[in-house]
Every structure is written in C-alpha cells, then in structure tokens.
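Just so we're on the same page, our numbering is the position in the sequence shown counted from 1, plus 17. Where a beta carbon is used, it is the ideal one built from N, C-alpha and C, also for glycine. Because the structure is a prediction, the values reported are computed rather than measured. In what follows, a single structure is set out as structure tokens and then discussed.
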Amino acid sequence: MDKVFGTAGEAVADIPSGSMVAVGGFGLAGIPWILIDALLEQGADRLTVVSNNCGVDGAGLGLLLEARRIDRVIASYVGENKEFARQYLAGELHVELTPQGTLAERLRAGGAGIGAFFTPTGVGTQVAEGGLPTRYHTDGSIAEASAPKEVRDLGGRPMVLEEAIVADIALVRAAVADRHGNVVFHAAARNFNPAAAMSGRLTIVEAEKVVEAGEIDPDAVHLPGVFVQRVVELSPEEAARKRIEKRTTRGAQPPADATSKEA
C-alpha cells in the first residue's frame, strides 16, 4: 500500500512514448512542475497531452512543447503560449479545443467509468456541428477539422454527446498526500487536478508534504487513494517552486484624508 517513490525521475521512468498524459493545473496554478521536468528529462515523445492549456513559453508544459515532445493537445484554450499558437497555425500540432467545463467533465467521466454524456454546452456551434480546425496546412488552410457530434433533445433542450477521456498517465500536484495516495489540494490547485487524476490509468502525484496513513482526516480528503498509484514527496525547494502567468499590481494610493482635502 506504500505508494511513495524516491524521486520524480523514478516515478516517470516507465512512461512510454506515444502516451496520452492528463496534466492537472490551470495556467500555471497547481501544475505538477517537478513531474513535468522529470518527463522532459526522461525523453518520452509523441505525447498526447490533455490539460486546460499548455503552459506558457518557457514554463510548465511549454517546455515539452518547445522540445517537440507533444504531437497532440486536447485543451480549452491556447492561453499565453506563443509557441503553442505558432505550432498549431503552422500545422505542426494537432489541437482539439474543448469547452472548459466539458473538458473537466470528460476527464471526471473517464475516471467514473462513464463512457459519454450529453451537455447543452456547444450546441449550435462548431463544437457540435463540426468544422473546428484541428490541424492546419503550412499555408494556413485547414488540413483536418472536427467531425459533427450527435445532438439529441433531452428534457426539452438540445444537447450534444461528448465522449469521456481515459488517459494512460495522469500527472498532478497536491499539497498533502499520505502513503496510501489519499490527497488534499490547496485552494486554486483544486482545479483540474482531481479530474485529471481520476482519468489516468496510472496516476502520479507530486506532493508538497507526505504524511503517514491515517493522518489526513477522511472528511478532508479531496481525492481518494484508489485513484493514485504513485506519490513523490517534494523537497522544500521543489515545493516552493510556484509561478503565476502575470503579476498585476496597483500603485500606492493616497491616504483617504489627502483625497478628501484635494476634493
């Protein structure tokens, strides 16, 4: 039952090329920084990555993208990653854009053993009707486009059929995990991480802190250990490695009394 591995490198060592990898996080919040680095060093390529987006230039999944380890991306948006946009528009990358909530539910459904589900999201758009560019020619023309999906009237509303995602591997970041793989996420890191973890046939968690079994209150568990096969405990330096995509600050404001005097 002890699922703790010594290093991130050991935990990802047997991930084969051509795998579908679900990765938790939203932008750079809650992404598995150390596992991504370990996968980059390990060398697996021809990957299909399922994630809300593909990181940013020079960080997160952007590193795998720049190293040409990713062939296909299933994501909600291109985000701040210029290399992602360049590869997509140049015909170097196959991209399946999926509404954000739909993507989260496709991952969760995969983990719950649900093959597909109907949702009103995307009805009346190319999401349901087909025609979304999934790959371009080098001249900018569309090489491949999405196919139409089944739409059915349910409860008086048209709904589109979306298939679940079951990934070969899931990589996620947690605040706390025990040795049996029960996991607690912190704040915004509890975004795509639980759904991504559920979807993986082999789920690897990097945890900022690892505790003994029984130390996490059962009511505090966000992800049960049944969904987790491997746990990596981060060093304090690795646990502190966190970034945000953009830092926006507000200049010093004048005191309230000074404002009133000017008025």
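Short of 8 Å in beta carbon distance, which residues of its chain neighbour residue i, apart from the five on each side in sequence? Order them along the chain.
{"i": "residue 192", "result": "201, 202, 203, 206, 224, 225 and 226"}
{"i": "residue 94", "result": "69, 70, 114 and 117"}
Leaving out five residues before and five after residue i in sequence, what residues of the same chain have Cβ atoms less than 7 Å from its Cβ?
{"i": "residue 233", "result": "193, 195, 199 and 201"}
{"i": "residue 251", "result": "51, 223, 224 and 225"}
{"i": "residue 258", "result": "50"}
{"i": "residue 35", "result": "63"}
Just mark residue i as buried or exposed, buried being the case when its beta carbon has 16 or more other beta carbons within 10 Å.
{"i": "residue 51", "result": "buried"}
{"i": "residue 92", "result": "buried"}
{"i": "residue 179", "result": "buried"}
{"i": "residue 33", "result": "exposed"}
{"i": "residue 87", "result": "buried"}
{"i": "residue 154", "result": "exposed"}
{"i": "residue 123", "result": "buried"}
{"i": "residue 46", "result": "buried"}
{"i": "residue 96", "result": "buried"}
{"i": "residue 221", "result": "buried"}
{"i": "residue 125", "result": "buried"}
{"i": "residue 104", "result": "buried"}
{"i": "residue 216", "result": "buried"}
{"i": "residue 112", "result": "buried"}
So residue i and residue j are supposed to be a Cβ contact under 8 Å. How far apart are they, rounded?
{"i": "residue 171", "j": "residue 135", "result": "6 Å"}
{"i": "residue 183", "j": "residue 20", "result": "Not quite, the Cβ-Cβ distance comes to about 20 Å (not below 8 Å), so this is no contact."}
{"i": "residue 90", "j": "residue 66", "result": "5 Å"}
{"i": "residue 144", "j": "residue 177", "result": "7 Å"}
{"i": "residue 64", "j": "residue 81", "result": "7 Å"}
{"i": "residue 208", "j": "residue 79", "result": "Not really, about 18 Å apart at Cβ, beyond 8 Å."}
{"i": "residue 74", "j": "residue 100", "result": "6 Å"}
{"i": "residue 131", "j": "residue 213", "result": "Contact doesn't hold; Cβ gap of about 16 Å is too wide."}
{"i": "residue 142", "j": "residue 119", "result": "Going by Cβ atoms, the distance from residue 142 to residue 119 rounds to 12 Å, so no, they are not a contact pair."}
{"i": "residue 48", "j": "residue 38", "result": "Contact doesn't hold; Cβ gap of about 12 Å is too wide."}
Identify, in the order they occur along the chain, each residue of the same chain with its Cβ nearer than 6 Å to the Cβ of residue i, setting aside the five sequence neighbours on each side.
{"i": "residue 44", "result": "262"}
{"i": "residue 26", "result": "55"}
{"i": "residue 219", "result": "186 and 246"}
{"i": "residue 161", "result": "151 and 152"}
{"i": "residue 249", "result": "22, 25, 28 and 223"}
{"i": "residue 164", "result": "147"}
The alpha helix (DSSP H) spanning residue i covers which residue range?
{"i": "residue 119", "result": "117 to 129"}
{"i": "residue 39", "result": "Careful: residue 39 lies outside any alpha helix (DSSP H), inside the beta strand (DSSP E) at 37 to 40."}
{"i": "residue 145", "result": "143 to 146"}
{"i": "residue 27", "result": "25 to 29"}
{"i": "residue 211", "result": "210 to 216"}
Looking at the secondary structure, which residues open and close the beta strand (DSSP E) in which residue i lies?
{"i": "residue 175", "result": "174 to 180"}
{"i": "residue 133", "result": "133 to 136"}
{"i": "residue 49", "result": "Per DSSP, residue 49 belongs to no beta strand (DSSP E) and is neither H nor E."}
{"i": "residue 111", "result": "111 to 114"}
{"i": "residue 205", "result": "Here residue 205 belongs to no beta strand (DSSP E), and DSSP marks it neither H nor E."}
{"i": "residue 189", "result": "184 to 195"}
Would you say residue i lies against chain D (beta-carbon separation less than 8 Å)?
{"i": "residue 49", "result": "In the structure shown, chain D cannot be found, because there is only a single protein chain."}
Hey, which unbroken runs of the alpha helix (DSSP H) at 4 residues or more fall wholly within the region 218 to 255? Fully enclosed alpha helix (DSSP H) runs of no fewer than 4 residues are not present anywhere in the region 218 to 255.
Runs of 4 residues minimum, wholly inside the region 55 to 107: which ones carry the alpha helix (DSSP H) assignment? 78 to 83 and 99 to 106
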